[in-house]
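In mature numbering (1 follows the signal peptide of the UniProt record, and there is no 0), the protein residues as written are -18 to -1, 1 to 374.
Cβ coordinates follow ideal geometry from the N, Cα and C atoms, glycine included.
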């Protein structure tokens, strides 16, 4: 196991569990809804201001209300729209990859291109100043591939972990029907949780046998789990998709009370640290980022490096990006606020992240962008907002 992964796990390693009551959960959910509506209103006002300024300067605005698109909660999508999304992901998995064999001998598809990119970028885009911005860009590049290469007409949905925390395995995401993102893994009795039992076990553990991805082959990894795959996880290692979805990690780390503990932070440094590290009640032992990943768990979902190999990854990070967007739009001074260095946990020591620093998504695609370019969802290449439904 690599040193940077150990450092990350130590950051997740507090033992204080989340403390909440049903009344607290209800109140926290209402608070989040108020913040979300305020953020949407502020984003639309910003968009209108940008459009007016562009027109006054004789320019054509990239984003307008007419062009604006909505990323919505997966369970709120019509069944046919959920099916269209998973069909597009299957399409991406069927297309030949662009990653050279010299970079990864194990990549077999366009879907795998995104996994390889995440593997290489992991030491620089976690517990760092680019964590939030890079993943926003990564999601957009993935979404663009689904739309341009697989004729998908929608956007990436998000997973509202808190809504389903008491029983994620029966949620519209993981119930295993044809409109889900596939079900839980087959139950393995008395199995240990991820990280050698450091993470509580879920209600599965085996291969996924239901839903759109029941026949999916995972090609890359493991890296953050034992035994490590060929060529340090970059070689060809075909195997089934495994999940270990269950309520224990979810109710401890991704409930509404945990989310609101993060959303109440007033600085970007505190916000992103609490998103990633957790460590104190009421936000849970591993934070909402780790909590979402280890609610999925399994292989590759429970692998820090290779987790995008599970299609659920993108809905999880959609929620991370949604919450960051809501937090940003509570105060205009937060729009371009960043904090942190250019390496995970500043190991090895590196410079502070700057707005002018350049990021890329490797062979996944997309142009190079600066950190500044990705800090608004209605500026630059972006023209989207988050909402519970397209009509909100």
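Asked: Selection from 33, 139, 277 that minimises the alpha carbon distance to residue 182; Found: 277
Asked: Neighbour-count burial assignment, residue 293, 16 or more Cβ in a 10 Å radius; Found: buried
Asked: Meets three-Cβ-pair contact criterion under 8 Å: the stretch 194 to 209 and the stretch 154 to 166; Found: yes
Asked: Per DSSP, cross-strand counterpart(s) of residue 45; Found: Beta-bridge pairing links residue 45 to no other residue.
Asked: Those runs of the beta strand (DSSP E) which lie wholly inside the stretch 30 to 91 and span at least 3 residues; Found: 51 to 54
Asked: Pick from 144, 118, 257 that is closest to residue 303, judged by C-alpha positions; Found: 118
Asked: Residue 323 - DSSP class collapsed to helix/strand/coil; Found: strand
Asked: Of the residues 358, 56, 39, 33, the one placed nearest residue 306, counting alpha carbons only; Found: 358
Asked: Cross-strand partners of residue 187 (DSSP beta bridge); Found: 169
Asked: Residue 354 versus residue 57 - alpha carbon distance; Found: 32 Å
Asked: Spatial distance of residue 263 from residue 240 (CA atoms); Found: Low confidence applies here, because residue 263 scores a pLDDT of 46, under 50, leaving its location unreliable; read the following figure in that light. Taking the straight line joining both Cα atoms gives about 8 Å.
Asked: CA-to-CA distance, residue 136 to residue 67, given in whole angstroms; Found: 7 Å
Asked: Pair within 8 Å by beta-carbon distance, residue 176 and residue 291; Found: no
Asked: Beta-carbon separation (whole angstroms), residue 219 vs residue 202, contact threshold 8 Å; Found: 7 Å
Asked: Unbroken stretches of the beta strand (DSSP E), 3 residues or longer, contained in the stretch 126 to 176; Found: 167 to 169
Asked: Residue 224 in three-state terms, based on DSSP; Found: strand
Asked: At least three beta-carbon pairs within less than 8 Å, the stretch 146 to 158 to the stretch 79 to 90; Found: no
Asked: Same chain, Cβ closer than 7 Å to residue 77, neighbours up to 5 away in sequence not counted; Found: 91, 92, 131
Asked: Under the three-state DSSP convention, the category residue 94 falls into; Found: helix
Asked: Distance between residue 142 and residue 11 (C-alpha atoms, nearest Å); Found: 11 Å
Asked: Unbroken alpha helix (DSSP H) run spanning residue 253, endpoints; Found: 250 to 259
Asked: Of the residues 249, 61, 97, the one placed nearest residue 74, counting alpha carbons only; Found: 97
Asked: Neighbourhood of residue 174 by C-beta distance below 8 Å, restricted to the same chain and skipping five residues each side; Found: 183
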